[in-house]
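The numbering of the sequence shown is this note's numbering, which starts it at 114 and goes up by one. C-beta: ideal position from N, C-alpha, C; glycine also.
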Amino acid sequence: MWLGATLHGQGRTDVVTLRNGDRITGEVVRLERGRLEFETDDAGTLYLEWDKLATVVTTQLVEVITVDSRRFLGSLGQAGPGSIGVASPDGSVTLQMSEVTYITAIGRSFWTKLDGSVDVGFSYTRSSGVEQFNLNWDSVYRKPASQVRLTASATQTSTSDGSSDDRGALEASYLINPWQRWFIVAMGRLETNESLGLELRSQVGAVVGPTLFNGSHGEMAAGGGMVVNHEQGTDVEATQNLEGLLAFRASYYTYDRPKTNLDVSFQYYPSISNFGRQRLQFDTSVRRELLKDFYVSLNLFDTFDSDPPNPDADRNDVGVVISLGWSY
Numbered sequence: 114m115w116l117g118a119t120l121h122g123q124g125r126t127d128v129v130t131l132r133n134g135d136r137i138t139g140e141v142v143r144l145e146r147g148r149l150e151f152e153t154d155d156a157g158t159l160y161l162e163w164d165k166l167a168t169v170v171t172t173q174l175v176e177v178i179t180v181d182s183r184r185f186l187g188s189l190g191q192a193g194p195g196s197i198g199v200a201s202p203d204g205s206v207t208l209q210m211s212e213v214t215y216i217t218a219i220g221r222s223f224w225t226k227l228d229g230s231v232d233v234g235f236s237y238t239r240s241s242g243v244e245q246f247n248l249n250w251d252s253v254y255r256k257p258a259s260q261v262r263l264t265a266s267a268t269q270t271s272t273s274d275g276s277s278d279d280r281g282a283l284e285a286s287y288l289i290n291p292w293q294r295w296f297i298v299a300m301g302r303l304e305t306n307e308s309l310g311l312e313l314r315s316q317v318g319a320v321v322g323p324t325l326f327n328g329s330h331g332e333m334a335a336g337g338g339m340v341v342n343h344e345q346g347t348d349v350e351a352t353q354n355l356e357g358l359l360a361f362r363a364s365y366y367t368y369d370r371p372k373t374n375l376d377v378s379f380q381y382y383p384s385i386s387n388f389g390r391q392r393l394q395f396d397t398s399v400r401r402e403l404l405k406d407f408y409v410s411l412n413l414f415d416t417f418d419s420d421p422p423n424p425d426a427d428r429n430d431v432g433v434v435i436s437l438g439w440s441y
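What follows is the structure, given as C-alpha cells:
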C-alpha cells in the first residue's frame, strides 16, 4: 500500500538545496561517482556535485547505498544541513551525505535504468601498411541490489599484404548483493584471439567477493571463483577445461569538468584440469571528457596464456588503443 502510493506520487517535485541556499525543484535520477543527476523542466538535466549540496528531499521511492555498503529503500525527507533522512515503512534513518555514495530512483522506465558507453578507434600507418580498428561497448541495467551487464570488445588489425589479426570478446554477467559489502556474479563469455591461436572460447562461471572500498571518488572490489570453458584452437582438437578465477577491479574518478575516469581490471585463471597452465587478463582505460557525454579514451590490454590451445601460437598479446567515445 505504501509502495503504491509512493510511486503514484512521483513527478518533478524533488528539491535540492545548494550550500549557498539556492533551491532547485526537479526529479532525482541518480547519484553516482560523486555527481547527482537531476532533471528539471526549465534547465534540462543538471549534474550537481554531491559535496556542494546541503539537502535533498524526494517524494519518490529511491534506493540509497552508503560507503560501508548498507542499503536503504524509501523517500528522502527533511534533515539537517549535510544530511538526508530516509523514510520507509520500517522507520526513518538519518545519514550524513558524506556517507552516501549511490542513489537511484525506483520505478523509473527501463531506459533510465540503463547506463553505458561505446567508443571507436581507427589508426593507419602508411609506411608499414598497417591499419587497426577497435570497438568497445559496455552497458549496465541496474535494479535494487542487482545489475545486469553486457560488454563487447573487438580489435581488427590488417596489413597491406592481406594478412589480419583479430581479437574479440562478448560477456554477459548478473550481479547480486546478498549481504552487506559482498557480491555474487554469474557470467558467460565468448572470446577469440588469433594471436594466441584461439578460434573460440566459450566460458561460464561464478565469482564471489567483497567490495573493499566504495567512496565518492573511487571503488575497489576483489573476488574468487571457478569457470569451465570449451576451447577451439587453430588446427587442433577442442578441449574442455576447469579453472579457478581470481579477479580484481578498481576505479578512480573526478567529477569536476572535464571528468576523468581511470578503470583497472585483472583476472587470473589457474587451471585445475591442466595443472601448470595459467591465464591472465589485464585491462586499463583512462577517459577524459571532451564535451558533455563525449570523451577520448586510452586503453591498454595484456592477454597471457602459458599454454595456448595451439602450441605454435604466441603466449602474450599486448595492445594500446586511443579512441573516441560516447556515454549514455
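Sort out for me which residues DSSP pairs residue i with in a bridge.
| i | result |
| --- | --- |
| Glu479 | Residue 479 is absent from the structure shown; the chain starts at 114 and stops at 441. |
| Lys405 | Answer is none; Lys405 lacks a bridge partner. |
| Val377 | Ala363, Thr397 |
| Pro383 | Gln391 |
| Trp295 | Trp292, Pro323 |
| Gln316 | Arg302, Asn342 |
| Glu145 | Arg148 |
Would you mind stating whether residue i and residue j have Cβ atoms separated by less than 8 Å?
| i | j | result |
| --- | --- | --- |
| Ala167 | Arg143 | no |
| His343 | Tyr366 | no |
| Asp430 | Arg280 | yes |
| Ser126 | Thr172 | First, the amino acid is wrong: residue 126 is Thr here, not Ser. Yes, these two residues count as a Cβ contact at 8 Å. |
| Asp232 | Leu404 | no |
| Thr214 | Thr179 | yes |
| Gly322 | Val340 | no |
| Leu283 | Ala265 | yes |
| Arg314 | Glu304 | yes |
| Ser364 | Glu332 | yes |
Count the other C-beta atoms from every protein chain shown that fall within 10 angstroms of the C-beta of residue i, then say buried if there are 16 or more, exposed otherwise.
| i | result |
| --- | --- |
| Arg184 | exposed |
| Trp163 | buried |
| Arg136 | exposed |
| Phe296 | buried |
| Asn249 | buried |
| Ser236 | exposed |
| Asp418 | buried |
| Lys372 | buried |
| Phe151 | buried |
| Phe388 | exposed |
| Ser277 | exposed |
| Asp425 | exposed |
| Val433 | exposed |
| Ser386 | exposed |
| Lys165 | exposed |
| Gln446 | Residue 446 cannot be examined here, being either before or after the span of the chain that is shown, 114 to 441. |
| Gln316 | buried |
| Gly234 | buried |
| Pro422 | buried |
| Tyr382 | buried |
| Tyr441 | exposed |
| Leu149 | buried |
On a CA-only basis, which of the options is nearest residue i? Give me that one, please.
| i | options | result |
| --- | --- | --- |
| Ser259 | Ala265, Ser273, Ala282, Arg294 | Arg294 |
| Gly242 | Thr272, Val399, Val298, Ser419 | Thr272 |
| Trp224 | Glu212, Phe246, Ile197, Tyr254 | Tyr254 |
| Asp251 | Val409, Ser182, Ala285, Glu244 | Ala285 |
| Gly337 | Val349, Val320, Tyr441 | Val320 |
| Ser196 | Asp406, Val170, Phe246, Asn423 | Val170 |
| Trp292 | Val317, Asp181, Asp396 | Asp181 |
| Ser205 | Ser230, Ile219, Val177 | Val177 |
| Asp155 | Gly139, Ser277, Leu358, Arg146 | Gly139 |
| Glu212 | Glu145, Pro202, Thr153, Phe246 | Glu145 |
| Ala200 | Gly187, Phe246, Gln191 | Gly187 |
| Gly147 | Asn374, Asp427, Leu174 | Asn374 |
| Asp64 | Leu174, Leu208, Glu244 | Residue 64 lies beyond the stretch modelled for the chain, which goes from 114 to 441, so this question has no answer here. |
| Ala334 | Asp376, Val409, Asn423, Asp203 | Asp376 |
| Thr153 | Arg428, Val175, Val129, Glu356 | Val129 |
| Gln191 | Tyr381, Pro202, Thr207 | Thr207 |
| Val298 | Leu393, Phe361, Thr268 | Phe361 |
| Leu413 | Arg428, Thr397, Phe407 | Thr397 |
| Gly346 | Ile435, Leu174, Asp427, Asp228 | Asp427 |
| Lys226 | Thr238, Phe246, Pro202, Lys256 | Lys256 |
| Ser384 | Phe407, Thr268, Gly357 | Gly357 |
Let's see if you can read the secondary structure: which residues bound the beta strand (DSSP E) around residue i?
| i | result |
| --- | --- |
| Gln209 | 204 to 209 |
| Val129 | 127 to 131 |
| Glu332 | 331 to 346 |
| Ser188 | 184 to 190 |
| Ser252 | 243 to 256 |
| Ala180 | Before going further, note that residue 180 is Val rather than Ala in the sequence given. Looking at the DSSP string, Val180 is not in any beta strand (DSSP E), and its letter there is neither H nor E. |
| Pro291 | 277 to 292 |
| Gln260 | 259 to 272 |
| Val169 | 166 to 170 |
| Ala200 | 196 to 201 |
| Tyr237 | 227 to 238 |
| Phe163 | The identity of residue 163 in the sequence shown is Trp, whereas the question assumes Phe. It is not in any beta strand (DSSP E) - Trp163 carries neither H nor E in the DSSP assignment. |
| Asn71 | No information on residue 71 is available, as it lies outside the stretch 114 to 441 that the chain covers here. |
| Ile72 | No answer is possible for residue 72: the residues shown for the chain start at 114 and end at 441. |
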